[in-house]
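Chemist:
Residue numbers (my numbering): 849 to 1143.
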């Protein structure tokens, strides 16, 4: 490579690389350093505390509660939203052959939660789930069903937030699966039928599911990242309550860092969140990648 090509490469990639270092890598490095300190925003000094912040996170009841709530939320939202997204995509893909306009309308309906602002949607859910004035409890009472406190019951609130998270994710996953279904060659189904796969279930397992491997891997990773960083619904609907029953690791990070100004402790939470998400993503890729068929 001559000098002119080297300069052209530097001019084209240099600004982006510099922005990446200043806006991503440098802040990450600062957070990792602050995680081992007792720094508080506005404090005159800073001290090195080693692993004390991590010990406080895993040793305190509030810290363990936030981690456990996040893992529970993730374990519910990921399989449910991916499974429902696939089912909806399969249904709409089949419906598009006979009723294309109805299929397009339903696609827009399912995608609406993705296009709308999360805070606005959370406020709408808050109104729907109001214990006395909400439409959900009003209908439940009219049908003679119990009207629970969806956002005030400690044993129910996390599952309510999980249901909202599934509702928010299904539309996005549906679009991704629809793109994957559209890329499958019809000749593969013809070949499978010649080999004896005459039922829809057999064609799904022999053709559709294997060919959706790359799409499924991407959907799983994206859904996991979205579920782990759940914040808007918690901040708008419950603020981690009641009695921290819906507290999550990202909301705990926000509370400790931007309400109590404990930057060191909040940085430790950030490091744990980052490593947990990295581990989950690597595990998903390691498990699913071996079963993915690339074309």
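Glycine residues also receive a C-beta, built at the ideal position from the N, C-alpha and C atoms.
Could you tell me the boundaries of the alpha helix (DSSP H) in which residue 1043 lies?
Modeler: As a working mapping, residue 1043 is identified with position 195 in the chain shown. Element bounds for residue 1043: n/a, residue is neither H nor E.
Chemist: What alpha helix (DSSP H) runs, 4 residues minimum, are completely inside the region 874 to 916?
Modeler: With a minimum length of 4 residues, the continuous alpha helix (DSSP H) runs that stay inside the region 874 to 916 are 874 to 882 and 900 to 907.
Chemist: In terms of residue numbering, what span does the alpha helix (DSSP H) encompassing residue 988 cover?
Modeler: Mapped onto the chain shown, residue 988 falls at position 140. Unbroken alpha helix (DSSP H) run through residue 988: 983 to 990.
Chemist: Between residue 947 and residue 939, what straight-line distance do the alpha-carbon atoms span, to the nearest angstrom?
Modeler: Stepping through the chain shown from its first residue, residue 947 is reached at position 99. Stepping through the chain shown from its first residue, residue 939 is reached at position 91. Between residue 947 and residue 939, the C-alpha separation is close to 11 Å.
Chemist: In or out: residue 1087 buried (at least 16 other Cβ within 10 Å) or exposed?
Modeler: Along the chain shown, one-based indexing puts residue 1087 at 239. Label assigned to residue 1087: exposed.
Chemist: With a cut-off of 8 Å, do at least 3 Cβ pairs link the region 889 to 897 to the region 1030 to 1046?
Modeler: Result no; under three Cβ-Cβ pairs closer than 8 Å.
Chemist: Distance check for residue 898 and residue 1102, CA to CA, integer angstroms please.
Modeler: Counting from 1 along the chain shown, the entry for residue 1102 is found at position 254. Counting from 1 along the chain shown, the entry for residue 898 is found at position 50. So the two alpha carbons sit approximately 22 Å from each other.
Chemist: Helix, strand or coil for residue 945? Go by DSSP, reduced to three states.
Modeler: Along the chain shown, one-based indexing puts residue 945 at 97. Residue state, collapsed to three classes: helix.
Chemist: Considering just the uninterrupted stretch of the alpha helix (DSSP H) at residue 1015, what are its terminal residues?
Modeler: As a first step, residue 1015 is located in the chain shown; it is residue number 167 there, counting from the start. From DSSP, the alpha helix (DSSP H) with residue 1015 extends over 1005 to 1030.
Chemist: Would you say residue 1012 reaches chain D, if we count a Cβ-Cβ gap shorter than 8 Å as a contact?
Modeler: Any reference to chain D falls outside this structure, which holds one protein chain only.
Chemist: Using a Cβ-Cβ cutoff of less than 6 Å, which residues in the same chain neighbour residue 1154 once the five nearest sequence positions on both sides are dropped?
Modeler: Absent from the structure is residue 1154, since the part of the chain shown begins at 849 and ends at 1143.
Chemist: Could you tell me which of 918, 1020, 1031 and 906 sits nearest to residue 964, measuring between CA atoms?
Modeler: Indexing the chain shown from 1 puts residue 964 at position 116. Checked all of 918, 1020, 1031 and 906; the closest Cα to residue 964 is 1020.
Chemist: In angstroms with no decimal places, state the Cα-to-Cα distance between residue 1014 and residue 851.
Modeler: Position 166 of the chain shown holds residue 1014. Position 3 of the chain shown holds residue 851. C-alpha separation (whole angstroms): 54 Å.
Chemist: Roughly how many angstroms separate the alpha carbons of residue 984 and residue 954, rounded to a whole number?
Modeler: In the chain shown, the residue the question calls residue 984 occupies position 136. In the chain shown, the residue the question calls residue 954 occupies position 106. Rounded to whole angstroms, residue 984 to residue 954 spans 23 Å at the Cα level.
Chemist: By the DSSP assignment, the alpha helix (DSSP H) with residue 1102 in it spans what residues?
Modeler: Within the chain shown, numbered from 1, the residue matching residue 1102 stands at position 254. Taken as a continuous stretch (DSSP letters only), the alpha helix (DSSP H) holding residue 1102 covers 1097 to 1102.
Chemist: Using C-beta distances below 7 Å, list every residue in its chain close to residue 1010, excluding the 5 sequence neighbours before and after it, in chain order.
Modeler: As a first step, residue 1010 must be located in the chain shown, where it is residue number 162. If we look at residue 1010 and ignore the five residues flanking it on each side, its Cβ neighbours are 921, 924 and 925.
Chemist: If you follow the alpha helix (DSSP H) that residue 852 is in, where does it begin and where does it stop?
Modeler: Locating residue 852 in the chain shown gives position 4, where the first residue counts as 1. Residues 851 to 868.
Chemist: Roughly how many angstroms lie between the CA atoms of residue 1078 and residue 858, to the nearest whole one?
Modeler: To locate residue 1078, count along the chain shown from 1; it is residue 230. To locate residue 858, count along the chain shown from 1; it is residue 10. Roughly 38 Å between the two C-alpha positions.
Chemist: Could you compute how far the alpha carbon of residue 970 sits from the alpha carbon of residue 854?
Modeler: Working through the chain shown from its first residue, we reach residue 970 at position 122. Working through the chain shown from its first residue, we reach residue 854 at position 6. So the alpha carbons of these two residues sit roughly 51 Å apart.
Chemist: Give the straight-line distance between the Cα atoms of residue 957 and residue 1056, rounded to the nearest whole angstrom.
Modeler: Position 109 of the chain shown, counted from the first residue, corresponds to residue 957. Position 208 of the chain shown, counted from the first residue, corresponds to residue 1056. Straight-line Cα distance between these residues: approximately 25 Å.
Chemist: By the 10 Å Cβ neighbour count, where 16 or more other Cβ atoms means buried, how is residue 1017 classified, buried or exposed?
Modeler: As a working mapping, residue 1017 is identified with position 169 in the chain shown. Result: buried.
Chemist: Thinking C-beta only, is residue 1116 closer than 8 Å to residue 901?
Modeler: To locate residue 901, count along the chain shown from 1; it is residue 53. To locate residue 1116, count along the chain shown from 1; it is residue 268. Contact: yes.
Chemist: If we ignore side chains and look at the alpha-carbon of each, how far apart do residue 878 and residue 1114 end up?
Modeler: Translated into the one-based positions of the chain shown, residue 878 becomes position 30. Translated into the one-based positions of the chain shown, residue 1114 becomes position 266. Residue 878 and residue 1114: Cα-Cα distance of roughly 12 Å.
Chemist: Tell me whether residue 965 sits in a helix, a strand or coil according to DSSP, three-state version.
Modeler: The count along the chain shown starts at 1 and reaches residue 965 at position 117. In this structure, residue 965 counts as coil in the three-state DSSP scheme.
Chemist: Spatial neighbours of residue 1070 within its chain, please: C-beta separation below 7 Å, excluding the five flanking residues on both sides.
Modeler: Indexing the chain shown from 1 puts residue 1070 at position 222. The answer is none, since no qualifying residue turns up.
Chemist: Where does residue 921 fall in DSSP's three states?
Modeler: Along the chain shown, read from residue 1 onward, the residue named residue 921 stands at position 73. Correct three-state label for residue 921: helix.
Chemist: When you compare each of 1051, 1046 and 1031 to residue 1062 by their alpha carbons, which one comes out closest?
Modeler: Along the chain shown, one-based indexing puts residue 1062 at 214. Closest by alpha carbon: 1031.
Chemist: Using a Cβ-Cβ cutoff of less than 7 Å, which residues in the same chain neighbour residue 961 once the five nearest sequence positions on both sides are dropped?
Modeler: Here residue 961 corresponds to residue number 113 of the chain shown, with the count starting at 1. 969, 1015, 1016 and 1019, listed in sequence order.
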